[in-house]
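Residue numbers (my numbering): 37 to 378. Think of the CB as a built atom: it goes at the ideal place given N, C-alpha and C, for glycine as much as any other residue. Every value quoted in this text rests on a predicted model; they were computed, and no experiment measured them.
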């Protein structure tokens with residue numbers, strides 16, 4: 037089979053012929069039909085996210101069709117259309133039993149990180165990681181649910197626990213995650229303020245539901261501006277998809293007393309304004325991807341039409357490096373999706 041492989045950090049992906057994987061007794065073989073690409077793939081390519089070994093087939097967001105199954109597989113049949121939860125947890129530890137599979141104590145790996153992912157014609161996937169694709173969704177739409185939609189859903193609903201009427205700020209609101217975060221926050225009747233440093237993203241955030249938008253380049257102290265916009269109160273929730281030194285400090289300033297800052301993006305350079313955190317009793321929370329249950333809940337929002345998967349560009353499988361370049365240059369509104377030839 038063909039696969040797009042990262043053979044060396046900092047180098048383009050290579051199209052290679054590799055052996056088609058065999059599925060184990062608890063696995064199915066998925067013929068990939070579509071795969072999403074995002075900033076995480078750029079970080080892996082650049083070596084900013086270390087991987088266990090190279091070469092590696094990237095691709096943690098993908099959908100396809102079951103073409104073979106192991107002897108112990110019960111709930112999926114050959115021909116089923118599926119999307120994939122890319123974390124492969126133990127399903128037995130304290131965190132797995134409480135539904136928080138992305139912080140599994142015995143994580144076996146992640147497809148597209150420690151395990152070969154979806155930028156290939158076929159992938160062997162544990163049955164426990166499969167979700168049936170609703171017929172109403174295209175393979176391209178289904179491919180990006182597990183990360184682009186479910187990651188902001190997890191941050192908003194499970195970490196921030198947004199409530200109706202909350203004032204929620206989405207930092208990096210014009211990006212592939214941010215545009216879905218805006219839609220999800222609006223689905224739960226939040227007043228949403230989108231923040232982005234690219235002027236062309238302002239109208240895009242409005243199009244997907246933001247009540248107000250802020251150009252971070254024009255408003256250097258936008259955290260203070262948000263306090264003013266909210267009648268001196270500040271935001272109930274800030275969801276950070278950038279986490280630079282500048283955005284982090286502004287995000288903390290934007291919070292009301294008792295507010296919640298959820299970090300989806302990360303940086304080792306961040307410094308906490310401990311005075312604001314202590315005196316305002318604000319919560320600063322991390323949020324890591326999304327467990328399978330959240331992906332399934334997202335599917336309900338998408339199939340109802342409440343949230344629309346935002347795809348900026350659909351390319352052929354062989355154009356993976358072009359897709360990475362588009363992401364690197366910021367020349368795409370939403371996700372880049374690669375489609376496999378049938």
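{"Query": "Among residues of its own chain, excluding the 5 on either side of residue 253, which ones have a beta-carbon nearer than 6 Å to its beta-carbon?", "Result": "233"}
{"Query": "Given residue 325, which residues of its chain have a CB within under 6 Å of its CB, disregarding the five upstream and five downstream residues?", "Result": "138 and 187"}
{"Query": "Spell out the partners DSSP gives residue 123 in its beta bridges.", "Result": "146"}
{"Query": "Select from 62, 54, 226 and 80 the residue whose C-alpha is nearest the C-alpha of residue 360.", "Result": "80"}
{"Query": "What separation, rounded to the nearest whole angstrom, lies between the Cα atoms of residue 87 and residue 265?", "Result": "43 Å"}
{"Query": "Compare the beta carbon distance of residue 124 and residue 145 with 8 Å and say whether it is the shorter of the two.", "Result": "yes"}
{"Query": "So if DSSP puts residue 193 in a beta bridge, which residue, or which two residues, is it bridged to?", "Result": "None, per the DSSP bridge assignment."}
{"Query": "Using CA coordinates, which residue listed in 256, 170, 368 and 248 is at the minimum distance from residue 332?", "Result": "170"}
{"Query": "If the criterion is Cβ atoms closer than 8 Å, does the pair residue 323 and residue 303 meet it?", "Result": "no"}
{"Query": "Sort 97, 201 and 271 by Cα distance to residue 185 and report the nearest one.", "Result": "97"}
{"Query": "So the candidates are 242, 335 and 224; which of them puts its Cα closest to the Cα of residue 193?", "Result": "224"}
{"Query": "Please say whether residue 293 and residue 316 have beta carbons closer to each other than 8 Å?", "Result": "yes"}
{"Query": "Quick check on DSSP: helix, strand or coil for residue 75?", "Result": "helix"}
{"Query": "Quick check on residue 180: does DSSP put it in helix, strand or coil?", "Result": "coil"}
{"Query": "Below 8 Å, how does it come out for the region 170 to 184 and the region 194 to 204: are there three or more Cβ pairs, yes or no?", "Result": "no"}
{"Query": "Output needed for residue 306: all residues of its chain with C-beta closer than 7 Å, excluding positions within five of it in sequence on either side, in chain order.", "Result": "279, 281 and 284"}
{"Query": "With the cut-off set at 8 Å, would you say residue 334 and residue 189 are in Cβ contact?", "Result": "yes"}
{"Query": "Mind checking which residues open and close the alpha helix (DSSP H) that includes residue 330?", "Result": "328 to 339"}
{"Query": "Just grab the DSSP bridge partners of residue 162 for me.", "Result": "63"}
{"Query": "Could you tell me which uninterrupted alpha helix (DSSP H) segments, each at least 4 residues in length, are contained entirely in the region 82 to 119, listed from first to last along the chain?", "Result": "none"}
{"Query": "Determine the extent of the beta strand (DSSP E) in which residue 296 is found, giving its start and end residues.", "Result": "291 to 299"}
{"Query": "With which residues is residue 42 paired in a DSSP beta bridge?", "Result": "92"}
{"Query": "Between which two residues does the alpha helix (DSSP H) carrying residue 273 extend?", "Result": "Note, residue 273: premise wrong, no alpha helix (DSSP H); beta strand (DSSP E) at 271 to 276."}
{"Query": "Since residue 260 is in the alpha helix (DSSP H), which residue starts that stretch and which ends it?", "Result": "258 to 265"}
{"Query": "How would you write the range of the beta strand (DSSP E) that residue 50 sits in, first residue to last?", "Result": "50 to 53"}
{"Query": "Could you check the C-alpha separation between residue 238 and residue 134 for me, to the nearest Å?", "Result": "38 Å"}
{"Query": "Does residue 168 come out as helix, strand or coil in the three-state DSSP assignment?", "Result": "strand"}
{"Query": "For residue 75, collect the residues of the same chain with a Cβ closer than 7 Å to its Cβ; drop the 5 residues on either side in sequence, then sort them by chain order.", "Result": "363"}
{"Query": "Give the single residue among 318, 180, 91 and 205 whose Cα lies nearest to the Cα of residue 348.", "Result": "180"}
{"Query": "If you drop the 5 nearest sequence neighbours on each side, which residues of the same chain put their C-beta closer than 7 Å to that of residue 222?", "Result": "228 and 245"}
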